[in-house]
Every structure is written in structure tokens, then in C-alpha cells.
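J.: Would you mind keeping the following structure in view while I ask a few things?
2 protein chains.
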Amino acid sequence: REVLVSGVAYDGDVVKVTVYGVPDRPGIASELFGALADAKINVDMIIQSGHKDGKNDISFTCGKEADGKLEEILEPVVEQLAAEHFSLADDVAKVSIVGAGMITNPGVAAKMFKCLYDNGFNIDMISTSEIKVSCILQKEGAKDAVRALHDSFGL
Amino acid sequence: REVLVSGVAYDGDVVKVTVYGVPDRPGIASELFGALADAKINVDMIIQSGHKDGKNDISFTCGKEADGKLEEILEPVVEQLAAEHFSLADDVAKVSIVGAGMITNPGVAAKMFKCLYDNGFNIDMISTSEIKVSCILQKEGAKDAVRALHDSFGL
Ligand SMILES: C[C@@H](O)[C@H](N)C(=O)O
Ligand SMILES: C[C@@H](O)[C@H](N)C(=O)O
Numbered sequence: 016r017e018v019l020v021s022g023v024a025y026d027g028d029v030v031k032v033t034v035y036g037v038p039d040r041p042g043i044a045s046e047l048f049g050a051l052a053d054a055k056i057n058v059d060m061i062i063q064s065g066h067k068d069g070k071n072d073i074s075f076t077c078g079k080e081a082d083g084k085l086e087e088i089l090e091p092v093v094e095q096l097a098a099e100h101f102s103l104a105d106d107v108a109k110v111s112i113v114g115a116g117m118i119t120n121p122g123v124a125a126k127m128f129k130c131l132y133d134n135g136f137n138i139d140m141i142s143t144s145e146i147k148v149s150c151i152l153q154k155e156g157a158k159d160a161v162r163a164l165h166d167s168f169g170l
Numbered sequence: 016r017e018v019l020v021s022g023v024a025y026d027g028d029v030v031k032v033t034v035y036g037v038p039d040r041p042g043i044a045s046e047l048f049g050a051l052a053d054a055k056i057n058v059d060m061i062i063q064s065g066h067k068d069g070k071n072d073i074s075f076t077c078g079k080e081a082d083g084k085l086e087e088i089l090e091p092v093v094e095q096l097a098a099e100h101f102s103l104a105d106d107v108a109k110v111s112i113v114g115a116g117m118i119t120n121p122g123v124a125a126k127m128f129k130c131l132y133d134n135g136f137n138i139d140m141i142s143t144s145e146i147k148v149s150c151i152l153q154k155e156g157a158k159d160a161v162r163a164l165h166d167s168f169g170l
């Protein structure tokens, strides 16, 4: 039994947004999340990975209650930031493994990814903390991923 | 005083790696982190944001003790994954704000990003959890970011 992982969590209340091709200069993240804060949008995950050719993509997730408001908030901001475009998807779910002190153990995240691969899941987004590894998957069938992870970690 | 944020953390023992242009299909993350796990590389943050045109970039951070080994581990894997290339940088630091239940409060992350902007910092990577917002910055001057964040959150 992997004592490192104590549970698997599922969150189906997820809208995933990616703003593509923002200029990689100070102030961009401030403007984007300032506009979301002004509109009282509760953000869950914020994910920005390495930049390329002076541009970057910034993703975030929020609850479905924001779904109707996001387009009208993002359109002016994305234009102001001179970003390329943004995408919005609510057919996704967040599946996480949770446990104390696990992320520094390199095998734990790899085991989660292997389990998702063996069960045919494509990973849309990844974010980790000291106690959690979260993956955004297509919502269809994501509950099966939870069961597969339970089995894989002996829970 | 922002009771939401209780501290600011600095970690200078950071190597940032981004693998660019991996095919966005099941099994890629499993192979990459499987290879790192086999080589006993302790990974800190794993960050993958939205994909584009069937490709994606995956970033991760680890401690400097891995620096000498990473190239020889990543070269064969990156080739096997048919990724475009990978970048490695150790002139970076992680600066985080920490506090209970803060990430759902949209203003907290925005306030951090605004503070970094006002002090001229460019944000390389972003990762969040329920209790933490972490930014990867250029190491030079990053300790000044810690002081600025202390002031901004009244700590
Ligand atoms: C891309 C975005 O994060 C930018 N680098 C900033 O500092 O705001
Ligand atoms: C890009 C990578 O995460 C891929 N989608 C996978 O599932 O492994």
C-alpha cells in the first residue's frame, strides 16, 4: 500500500480557460487576474509554464457559475493584452491524488500518469502542490479514472 | 492587514525545465516522469497548461542537485517523445505567498501579480494550490520581490 497517497479527489465543477500567446512581459498576469478579481470570479488553478519566442500561454480553472460571464470579461482583456486568442471548455473534470509529502517522491506523479495512460486518458493540464497532483481530463469517463487510480494506489 | 496571506516564501534551489512541443496524446507525461523517477530525480512543481495544434509544453522544477544529471536523462527521452526541444535554467528562484483558503479569493493572486509588476518583475511560471501561489522569477533581485510582497500584504 502506498502510504504516500491517502485519497483520490474528483471535481466536475470545472471550466478551463487558456489565454494563448500573451506577450511575456511584466504586468500581463496582473491585468488578466485583476480583471477577473474585479468581476468577482473565483479562480481555482492558475497554470503558466515556460515561455517561447517572447510569448506565453496562461491557463486557469474556475467553477461553472462563472461560465456565462467569462466571455464578456475575457474579450476586452485579451484584446488589451494583445494576446492571440482564448479558449474556454466546460467538458472537463479535475482528478487529483492527495497525500502528505508526496510530490518530492518522483515515483508518485509518474505512477499517476502511468495509470491514466494505461486506461487511455489524455491529460489536458497538470498542476501540483506538496500534497496534491491534479490533472484536467475530458469529463467523459473521468469517474473511471478515479476508480483506476484507487486501484493503482491500493486505496 | 490581509489575514488571508500569512507568509512569503523564497526558494533559490531551483532548476526550471521546459520540454516544448510534445505530442498531446496519452502516455507522454507518463514516459517523461517515469524516466525522471527511474533516475531518482526529486521533482517539485509540474506545470502543463492548455495545448495547441495537437502539441503541448510540460515544465517542471527540481533542486540544483539534479542539475548535472538532467541533460543526459532528458536528451534520450525528448527524442523518444518526438518533442521539439527542451530548455534548462538555474538562474531562477521560486517566490510564493502562503495562507489558508486564499486561492479561491480572486483578489489575492491578482494582488501578488500586481505587486510583482509594480516592482518590475517578469513572471516566468505560475503554479497555485489552495494554500499557495508560486511564481518562478529570474533569481537576480528575487529577494527584493520577497520584501515587496511582505510590504504589499502587510506582513
Ligand atoms: C506571461 C506573464 O506572466 C508575464 N510574464 C507577466 O509577468 O505578467
Ligand atoms: C502532453 C501530455 O500530458 C499528454 N497529453 C499525456 O497525456 O501524457
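Chains as they are written, first to last, in the numbering used here: chain E, 16 to 170; chain B, 16 to 170. C-beta atoms are modelled at their ideal positions from N, C-alpha and C, and glycine is treated no differently.
1. So LEU131 of chain B packs on VAL32 of chain B, CB below 8 Å; how close in whole Å?
2. Take the Cβ of ARG16 of chain E as the centre, count every other Cβ of all protein chains shown within 10 Å, and call the residue buried at 16 or more, exposed below.
3. By the 9 Å beta-carbon criterion, what residues does the segment 41-63 of chain B contribute toward chain E?
4. Compute the minimum distance between the beta carbon of ILE138 of chain E and the heavy atoms of ligand 2, and state whether it is under 8 Å.
5. Would the beta-carbon of LYS59 of chain E fall within 9 Å of that of ASP82 of chain E?
6. Can you list, in chain order, the residues of its chain with a C-beta nearer than 8 Å to that of LYS79 of chain E? Leave out the 5 residues immediately preceding and following it.
7. Below 7 Å on C-beta distance, what does LYS84 of chain B contact in chain E?
8. Roughly how many angstroms lie between the CA atoms of ALA69 of chain E and VAL37 of chain E, to the nearest whole one?
9. Quick check on DSSP: helix, strand or coil for GLY78 of chain B?
10. Which value, in whole angstroms, describes the spacing of the CA atoms of LYS147 of chain B and PHE75 of chain E?
11. Could you pull the start and end residues of the beta strand (DSSP E) that HIS100 of chain E belongs to?
12. Nearest chain E C-beta to GLU155 of chain B closer than 9 Å, yes or no?
13. Spell out whether any CB of chain E is found under 9 Å from the CB atom of GLY135 of chain B.
14. Check for me: the beta strand (DSSP E) holding ILE61 of chain B runs from which residue to which?
15. Please report the distance separating the alpha-carbon of GLY135 of chain B from that of GLY156 of chain B.
16. Cβ of ILE62 of chain B versus every heavy atom of ligand 1: is any distance shorter than 8 Å?
17. I need the DSSP call for MET140 of chain E, collapsed to helix, strand or coil.
18. Give the residues of chain B in contact with TYR132 of chain E, contact being defined as C-beta atoms less than 9 Å apart.
19. What separation, rounded to the nearest whole angstrom, lies between the Cα atoms of GLU145 of chain E and ILE61 of chain B?
20. To the nearest angstrom, how far is it from the Cα of ALA160 of chain B to the Cα of ALA124 of chain B?
21. Could you tell me the alpha carbon to alpha carbon distance between ILE88 of chain B and LEU47 of chain B, rounded to whole angstroms?
22. Assign GLN63 of chain E to buried or exposed, taking buried as 16 or more other Cβ atoms, counted over all protein chains shown, within 10 Å of its Cβ.
23. Closer than 9 Å, CB to CB, is GLY169 of chain B near chain E or not?
24. What in chain E is Cβ-close to SER74 of chain B, meaning under 8 Å?
T.: Taking the geometry as given:
1. Contact flag wrong, Cβ pair sits at about 22 Å.
2. Since pLDDT at ARG16 of chain E reaches only 40, below the 50 mark, its modelled position is unreliable, and no value is offered.
3. Under the 9 Å Cβ criterion, the segment 41-63 of chain B contributes PRO41, GLY42, ILE43, ALA44, SER45, GLU46, LEU47, PHE48, GLY49, ALA50, LEU51, ALA52, ASP53, ALA54, LYS55, ILE56, ASN57, VAL58, ASP59, MET60, ILE61, ILE62, GLN63.
4. yes
5. According to the sequence provided, residue 59 of chain E is Asp. The question's Lys does not apply to it. No, the pair does not count as a contact, with Cβ atoms beyond the cut-off.
6. ASP28, VAL29, VAL30, ASP105
7. Neighbours of LYS84 of chain B on chain E: none; closest Cβ ~12 Å, over 7 Å.
8. Per the sequence shown, residue 69 of chain E should be read as Gly rather than Ala. Rounded to the nearest angstrom, the two C-alpha atoms are 9 Å apart.
9. coil
10. 15 Å
11. HIS100 of chain E -> beta strand (DSSP E) spans 100-113.
12. No, no contact with chain E.
13. yes
14. 58-63
15. 10 Å
16. no
17. strand
18. Within 9 Å Cβ-Cβ: PRO41, GLY42, ILE43, ALA44, SER45, GLU46.
19. 11 Å
20. 15 Å
21. 10 Å
22. Counting C-beta atoms within 10 angstroms of its own C-beta, GLN63 of chain E has 16 or more neighbours from the protein chains shown and is therefore classed as buried.
23. no
24. SER64, GLY65
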